[in-house]
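The structure appears right after this line, and notes come after that.
Numbering (our numbering), first residue to last: 103 to 700.
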């Protein structure tokens, strides 16, 4: 499950190599400072007859003879020097391994976000936003803990045992064996408990995703919640999820508590064994008091790695569960991407051809049937039809927001799969039904998707969208912050801002998907008048349920149950007396009724 992290380890391999070197030096100086403390204690007592001097004692005697320093002070001096070096390499160890984990976290978060940007629209329709945010923040933090503290403490524990255990055996093999018997039992218990933590960690992260999703939906839909007086109901839902989250967390805490208690109990048993068995060895003069003190220090040096072992295993299990959740997203392949045989076309004129187009969504429901349509550059096309007739689906296929059947859609005579996505979408300006505005200034929303070279066209774009006069009325004008999803703007202002954003792209193909529904008739006429001038030699598709919006189009198509049932100009379709004519007459009657009511 951590195989995906291999490229990051390779990228920062020098951090890890240096870090492991520092781990070795840190433990070397820490473990080899203790013998000097041992010799200092033994120097306070008369020497045992016939006892051999250790290499540390021989070094101290040599330096004492040459420097003329008392042997006890020399032991203390050497002990302090060793501990100072221990502290230096401890700092260096953390500055390499922890920094490496932070850098990998940064790269992995960026790659995760980049991967999400490549995924198809259907993926986001079927995945909760809060869940994605939780994976990118909480799960990634758990993975980072594995890469930083997890690896560092694991390496430190292994190296500590490598250095310390031989020194303990050197003092007394029997005492070492007695002290380590409880630790062997502990290893079996930790292995069992760590598996339980893994399962519980996965459940905790999934529940946290549910909480994040609910909170995100509530914040986005707060006006609807307040309008329907559903605050208490939503509070109850949130409390219920939070209680489930707490229960799952408490279950994991209990398992972790058992693990840590087992570690502490084992350490206590090892210390008790040291006091009892070590005392006997002193009485039998098999070891000195200095040896006993040194052994005690060695055991103390292993206590934190042993305690950390339980914590690290918990970190690895949480990180493993989180990595599985992240991999589930990272392994999702974008369904819409450039084909291997993509052409190198960089410019498009805007000719659109549908050839025997049949389209179905994943649920196999046929939405478009036998669509044949040719649109020349510079043509304004109106698309009308009842709700659910396939109007939005038709125009969403042009920028390949959904996967298009092979050989059924051509742009400038090129099969759409052979056109690079960046080129295709770079030539299309689209204003969807559910136009999305960012919580930013009006200016930044207008220039979204363009570079600074066209900044001088902002006022022209807002003028085309009939928004400029409204902007001038705002105190901050173009720097006005519009709030999340443009909450401070009216419905019509939101639609006009989205139109201005599309106009700024200077597209060869402009698609307006029912994007004038919240605009009054006079403003709509002015916008369409400006668009007719702007879209000369460009292609424009206008989807609407209002005949008034499309009546001046060069060509109008009527959709019904996914099929084109009528096609022509406004006058031709009215004289035809079909569905379009019925819609037109009905809307005229509705307008007359509204006029009478006023």
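No residue lacks a Cβ here, since even glycine has one placed at the ideal position from N, Cα and C.
Within 8 angstroms, strictly: CB atoms of residue i and residue j
| i | j | result |
| --- | --- | --- |
| residue 244 | residue 424 | yes |
| residue 199 | residue 131 | no |
| residue 483 | residue 334 | no |
| residue 643 | residue 487 | no |
| residue 614 | residue 533 | yes |
| residue 445 | residue 520 | yes |
| residue 507 | residue 428 | no |
| residue 195 | residue 135 | no |
| residue 513 | residue 666 | no |
| residue 626 | residue 651 | yes |
| residue 295 | residue 357 | yes |
| residue 273 | residue 395 | no |
| residue 529 | residue 610 | yes |
| residue 303 | residue 354 | yes |
| residue 285 | residue 368 | yes |
| residue 277 | residue 380 | yes |
| residue 346 | residue 309 | yes |
Rounded C-alpha distance that separates residue i from residue j
| i | j | result |
| --- | --- | --- |
| residue 404 | residue 263 | 7 angstroms |
| residue 663 | residue 573 | 41 angstroms |
| residue 350 | residue 305 | 7 angstroms |
| residue 683 | residue 654 | 15 angstroms |
| residue 492 | residue 591 | 29 angstroms |
| residue 560 | residue 542 | 16 angstroms |
| residue 648 | residue 619 | 8 angstroms |
| residue 462 | residue 469 | 5 angstroms |
| residue 236 | residue 212 | 15 angstroms |
| residue 150 | residue 265 | Note on residue 150: pLDDT 47, under 50, position unreliable in the model; no value is reported. |
| residue 209 | residue 110 | 8 angstroms |
| residue 372 | residue 402 | 10 angstroms |
| residue 316 | residue 204 | 30 angstroms |
| residue 641 | residue 588 | 28 angstroms |
| residue 393 | residue 297 | 39 angstroms |
| residue 467 | residue 413 | 52 angstroms |
| residue 321 | residue 328 | 11 angstroms |
| residue 419 | residue 126 | 26 angstroms |
| residue 152 | residue 180 | Interpretation of residue 152 is limited by its pLDDT of 45, a score under 50 that renders its predicted location unreliable; no figure is taken from the coordinates. |
| residue 495 | residue 581 | 35 angstroms |
Residues that residue i bridges to, as DSSP identifies them
| i | result |
| --- | --- |
| residue 485 | 645, 659 |
| residue 461 | 470 |
| residue 532 | 613 |
| residue 475 | 456 |
| residue 583 | 543 |
Exposure of residue i, with buried meaning 16 or more beta-carbon neighbours within 10 Å
| i | result |
| --- | --- |
| residue 193 | exposed |
| residue 616 | buried |
| residue 228 | exposed |
| residue 464 | exposed |
| residue 326 | exposed |
| residue 275 | exposed |
| residue 341 | exposed |
| residue 268 | exposed |
| residue 311 | buried |
| residue 476 | exposed |
| residue 233 | buried |
| residue 363 | exposed |
| residue 386 | exposed |
Residue i, DSSP secondary structure in three states
| i | result |
| --- | --- |
| residue 702 | Absent from the model: residue 702. The displayed extent of the chain is 103 to 700, so no value can be given. |
| residue 303 | helix |
| residue 243 | helix |
| residue 549 | coil |
| residue 118 | helix |
| residue 496 | helix |
| residue 329 | helix |
| residue 153 | For residue 153, the predicted model reports a pLDDT of 44, less than 50, meaning its position is unreliable; a value from the coordinates is still stated below. Coil. |
| residue 521 | coil |
| residue 512 | strand |
| residue 665 | strand |
| residue 309 | helix |
| residue 634 | helix |
| residue 622 | coil |
| residue 677 | helix |
| residue 84 | No answer is possible for residue 84: it lies beyond the span of the chain, which begins at 103 and ends at 700. |
| residue 435 | coil |
| residue 567 | coil |
| residue 170 | Confidence at residue 170 is low in this model, with a pLDDT of 46, below 50, so the placement of that residue should be treated as unreliable; the coordinate-derived value is given next. Residue 170 falls in the coil class under three-state DSSP. |
| residue 447 | coil |
The ligand SAH heavy atom lying under 7 angstroms from the CB of residue i
| i | result |
| --- | --- |
| residue 196 | By its list of ligands, the structure shown contains no ligand whatsoever, and the ligand SAH lies outside what it can speak to. |
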